[in-house]
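Remarks on the structure that follows.
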Amino acid sequence: MEHDENLSLDEAFLSVYSCCMKTEVVRLFLEYKFEIIKPHGKRMLEYAIKYKKLDLAGVLAEFDIIDTKNKSLFNDALSIGCTSVVEKYLQNEAFISKNLNDEFINLCYENQIDFVSTFLKYKASSKKIKKRMKVDSSDLKFSPYANIKNGKPLEIATEKENIEMINILLEYGAKPKPSNELFFLYSIKHKNINAINSYLEVLDLINQAHRDIVGEGLFQAVRYRHFDIYDSLITFLSEEPFTKKKRTGQNKEIGDRKSKSKENWISENVKNIPQNLKNNILQQTCNLGNVEYAKKAIEIGADINGIEFKVLFREYILDRIEVVDFLIGNGIDRQRIEEYEFIKACTEGDYDKVKKMISKGIDLNIYDGMILKQAGKSSNIKLVNFLLNKGAKPEKIVWNTK
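Shown next as structure tokens:
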């Protein structure tokens with residue numbers, strides 16, 4: 066092999082073959098001939114990134130073969146998922162890029178959780194910066210990237226429904242905004258207690274809009290059967306208003322809250338939850354067949370006649386008699402009860418009772434053909450024919466023509 070007379074044999078070999086050497090060979094040179102291979106390292110790293118040789122790039126990064134001035138190489142390493150090289154760039158204080166904020170936001174949009182974690186980890190604030198930003202210096206994981214662009218990373222993670230990203234952003238100091246209601250509801254859905262507490266910390270119970278958001282949370286908790294969260298949110302609303310300083314330092318978290326006794330747990334904050342939300346909570350508890358929490362919905366002011374008019378009929382069809390008895394016992398409209406008694410008579414094939422109720426003018430088609438369907442279950446042909454003669458219509462069948 067011909068080489069420059071001024072180069073040693075090692076140097077001549079590297080100048081020709083440095084970009085096609087196996088990773089193991091490169092490691093040996095780095096360990097035993099570092100000063101010789103160093104001048105060729107940057108070129109080798111460019112080669113490794115260009116041809117996506119991540120193992121080779123990782124070895125070079127391990128020995129700090131990084132050109133912090135080469136910002137395009139950093140972007141290329143990001144694009145191919147070369148975490149080891151990206152980490153070295155971010156660890157190096159000499160590396161400065163005006164586009165890092167935008168890069169971080171793009172990584173959030175792309176669900177690149179490894180790189181998101183890397184940015185947060187290696188661009189965490191120093192104690193001096195934390196002091197200036199009034200952040201607890203004991204929180205060594207605080208990173209300003211967690212809240213850039215007015216909290217955009219947390220909004221993106223919520224839109225993407227990426228629980229892992231949400232948790233790591235919170236771990237590095239992300240603070241949700243009260244306007245990010247979706248974050249709160251999504252956290253309840255997945256029973257992410259830490260995220261729920263982080264959101265409650267930024268609310269002000271004096272603000273009606275904030276109380277309404279917690280009301281939405283109550284419905285969400287019932288919807289996903291997280292009744293322990295429902296109880297905790299009721300307790301949260303039932304506490305006396307306090308300053309944010311007290312809330313941050315002394316207020317109990319959701320997981321620690323205990324439901325207050327029936328006599329004192331319903332505060333003005335709870336009573337002032339919008340009526341439609343309270344009614345929705347009652348509707349959902351009935352849908353779930355949960356009488357215990359249906360009673361609690363009534364206690365906070367839900368209107369039993371403000372829910373879906375078919376609820377009594379549906380609960381009877383589902384054979385949830387406990388719910389039926391609860392609804393009747395708590396003042397559901399008399400017309401709904403008559404309709405329930407009618408559908409019950411049809412289901413049981415009670416011809417005389419059905420005939421008597423029809424004579425009083427009850428609507429045969431109130432439940433869109435379900436009257437005939439239930440009568441058919443009784444196997445009473447006389448009753449079915451009678452209902453047809455009186456104008457009962459069969460259930461509509463929607464044919465799928467595809």
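Sequential numbering from 66 applies to the sequence shown in our numbering. From the three backbone atoms N, C-alpha and C, an ideal C-beta is built for every residue, glycine too.
- Counting C-beta pairs closer than 8 Å gives fewer than three between the region 204-214 and the region 244-264, which falls short of the contact rule.
- Put simply, the backbone Cα of Ile-446 is about 10 Å away from that of Leu-452.
- For Ser-303, the enclosing alpha helix (DSSP H) starts and ends at 292-303.
- Excluding five sequence positions before and after Leu-353, the CB atoms of its chain that fall closer than 8 Å to its own CB belong to Val-287, Arg-290, given in chain order.
- Taken in chain order, the unbroken stretches of alpha helix (DSSP H) that lie wholly in the region 380-415 and span 4 residues or more are 386-394, 399-412.
- For Asn-176, the three-state secondary structure derived from DSSP is coil.
- Tyr-295 sits buried, since 16 or more C-beta atoms from the chains shown fall within 10 Å of its C-beta.
- Comparing alpha-carbon positions, the option among Glu-373, Thr-350, Phe-374, Lys-375 lying closest to Ile-363 turns out to be Thr-350.
- Under the three-state reduction of DSSP output, Tyr-264 falls in the helix class.
- Excluding residues up to 5 positions away in sequence, Phe-184, Tyr-210 lie with their Cβ nearer than 6 Å to the Cβ of Phe-169 in the same chain.
- Only residues of its own chain outside the window of five on either side were considered, and among them Val-279, Asn-334, Val-335 have a CB closer than 6 Å to the CB of Leu-302, listed in chain order.
- Ile-346 is positioned such that its CB atom lies no closer than 9 Å to that of Ile-369.
- With fewer than three CB-CB distances shorter than 8 Å, the region 421-430 does not count as touching the region 373-393.
- In the DSSP assignment, Phe-451 falls within the unbroken alpha helix (DSSP H) covering 446-454.
- Shown here for Gly-106: same chain residues with a beta carbon closer than 7 Å to its own, the five before and five after excluded, namely Leu-125, Ile-130 in chain order.
- Leu-219 places its beta carbon less than 9 Å from that of Ala-239.
- The beta carbons of Ile-436 and Ile-408 sit closer together than 9 Å.
- Take Gly-282, set aside five residues on each side of it, and the residues of its chain with a beta-carbon closer than 7 Å to its own are Phe-249, Leu-250, Ile-253, Leu-298, in chain order.
- The C-beta separation of Val-151 from Met-230 comes to about 17 Å, leaving the pair out of contact by the 8 Å criterion.
- Take the alpha-carbon of Lys-360 and the one of Asn-257: they are about 26 Å apart.
- Here DSSP, grouped into helix, strand and coil, assigns Lys-118 to coil.
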